[in-house]
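Before any comments, here is the structure.
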Amino acid sequence: MQISYQEFDSNLLEKVATKYGEVAKNHIHTESGSFSFAAVCDDNPIGFISTYTKSLDIPINEEKDAYIDIVEVNEEYQRMGIASELVKRTEEWAKKAGLLQIRAWSSQDKVEAIPMWRSLGYGLCPAKIWLEWRKVTVDGYYVVKQLNPLNPYPNITKCIKQDIMDISSKSIQCFRLISAKNGVYVYKCLYDGIPAVVKYFEKEDDKREILNYRILAQHGIPTIKTFALGNATIVMEDITISENWRLGIAEDLEDVDVAKSLAQWYFLFHENGVAVSELDTLYFEYDSITEDNLKMLILKFPEATGLFQFLLTHYDKLRELIYKPSFTLTYNDFYWSNFVVRKDKKAAMMFDYNLLGKGYRFSDFRNVCWDMSDEAKAVFVNVYNQFYFEKHGSNRMEAEKFEKRIDEVAGDLFQLVLAFTEKEYILNWAEGVKKDALNGDLLAKAQQLLL
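Numbering (our numbering), first residue to last: 9 to 459.
And the structure:
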C-alpha cells in the first residue's frame, strides 16, 4: 500500500465532497493563507486536513496563528500514523509561514485523538463551542502547540537594526514577530522607546512598498504614520494602541459610514495619483497578459484553447486596448484587513501597499464593491461620484464603461495567469473565471471587445 499526500485541486476536492459530504467540503480552505491536502491511496482520498490563518481575539487581534479547521481519516486507515503525518506536514507549513502557534478544536467524543495530540506535543484545554449549523453546544477541548521561538529569525532582526542604523540614530528593539510570509517579516517593536510596527522585505521586488509610501506622502495621500523608511524596512505607527484609529473589521464592509470614508480616501488617491511622475514605472497587473503567458495557458489549461488562440490572433489589439485608458494609482488589494478606520468613522485609509501600482479607477471599484454589502456599495459609489462631479463638473460614465469592457476581459485573464503560475491548481477565487473560460462567456466578452 502506497500513500501519497496531495494538495487540493478541483478534482480532489470533488472526491472528498463525495466521500465525506458537503459539511466536510465546506471546511476545506483554499484561500490565501491556508493549507489543505489529502492522503491518497489508489487515486482515492483516505484522509485530509485543512488549515487556515486565523486572527487572535482583541487585544492581540493583529497576531495570527494556524487553525486546523478539519482533519479526517477513514476508519479502516486509522491508527496507521496518517493523521499524525497530516498534522506534522501542516506544522511545517505553519513554521515556514512564521506563525508562532498552531491550534485546533476536537469534540469530546473523539477520545482516540487525545493520544495523538499529546504525542505530537500539544497542550489540551477543555472548552465548549456553539455549532451554529446544528444549533447545539458541544463539549470538547482546544489543542495548541508553540511552533517558533520568540525570535525565530535572528538574522532578520539584525538586518532591521542595521538598516535603521544607516538612516537614523534612534534605536529599535524588543521585537515580537507578528507574521513571516514569502520573505516579508512583520514585528511589533519599540522605536526610540515608542511602540511601533516594523516591516522588513527580503526580496527586491517587495521593497517597492517603501517607494510607494514615499510616493503617497509626496502627493498628499493619507497613510499610516511612518517613523522611518530604510532600504528594506518600514517602521510605522502601531494602530492597535492608537487613540484615534483602529484596524478594520469584517463588519465594516456593511457599514455605510465606513464606506463613505473609504470613498473619500479612494477619490483623493485616484485624483492625486494621476500626477505621480513614477506612474509609468509602477506595477501593473495586466503587464502579465503577454503572448508567452497566453501560450502557457494553452499548455496548462488546454480545455480553453479556443479562447487563448483567439486572444493570440488578436493580441496586438488587446494590448493596445489594455494600455489605452487613462492610468492612475490603483490599490489592487482591497479587503477589510487592509484598512484602518478612525474611531469616529469620519475617515478611513488603506495600508499594506505592496500591490499598489497603476491601473484603471474601475479596477479598484470592482475590488471594493465585490466585498461590500449592497447598501455600503451604493454609498461608496455615490459618494465617490459626487466628489468627482464637484471637482470636474462632469461624470466618468463613458470612461468607466470603456474601462469596464476592458477590465471584464483583462481582469479574468490576469486571474488565470496568476492561478496557473503561482499555483499548480486553480484556487477557489479563480473557479468562477475557469468556468467562464470553459462555457464560452469569456470568449464572448473578448469577441465583443476585439471584433
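Just so it is clear, CB atoms sit at the ideal spot from N, CA and C, and this is done for glycine as well.
- Remark: C-beta atoms of TYR392 and ALA283 do not approach each other more closely than 8 Å.
- Straight-line measurement puts the Cα of MET9 at about 13 Å from the Cα of PRO53.
- Its chain contains GLU416 and VAL417 as the residues whose beta carbon lies nearer than 6 Å to that of LYS453, once the 5 sequence neighbours on both sides are disregarded; these appear in chain order.
- Burial check for GLU39: the Cβ neighbour count within 10 Å stays below 16, so the residue is exposed.
- By the neighbour-count definition (other C-beta atoms within 10 Å, threshold 16), ILE68 is an exposed residue.
- When beta bridges are read from the DSSP output, TYR392 appears opposite no residue.
- The way I'd put it, the segment 75-83 doesn't touch the segment 127-140; fewer than three beta-carbon pairs between them come closer than 8 Å.
- Per DSSP, THR248 is not a residue of any alpha helix (DSSP H), being assigned neither H nor E.
- For the segment 138-187, the full-length beta strand (DSSP E) segments reaching 3 residues or more read 144-154 along the chain.
- GLU411 sits close to PHE370, with the two beta carbons spaced by under 8 Å.
- By the 16-neighbour rule on beta-carbons within 10 angstroms, TYR331 is exposed.
- The Cβ neighbour count for LYS72, taken over all protein chains shown within 10 Å, is at least 16; the residue is labelled buried.
- When secondary structure is reduced to three states using DSSP, LYS442 falls in the helix class.
- Excluding its 5 nearest sequence neighbours in each direction, LEU446 has C-beta neighbours in its own chain below 8 Å: GLU311 and ALA312, listed in chain order.
- Under the three-state reduction of DSSP, LYS303 is assigned to helix.
- Comparing alpha carbon positions, the residue from ILE57, GLY29 and ILE175 closest to PHE16 is ILE57.
- Rounded to the nearest whole angstrom, the CA to CA distance from ALA74 to LEU94 is 14 Å.
- Among the bridge pairs identified by DSSP, VAL194 is matched with SER187 and LYS207.
- In this structure, CYS377 lies near PHE388, with their beta-carbon atoms less than 8 Å apart.
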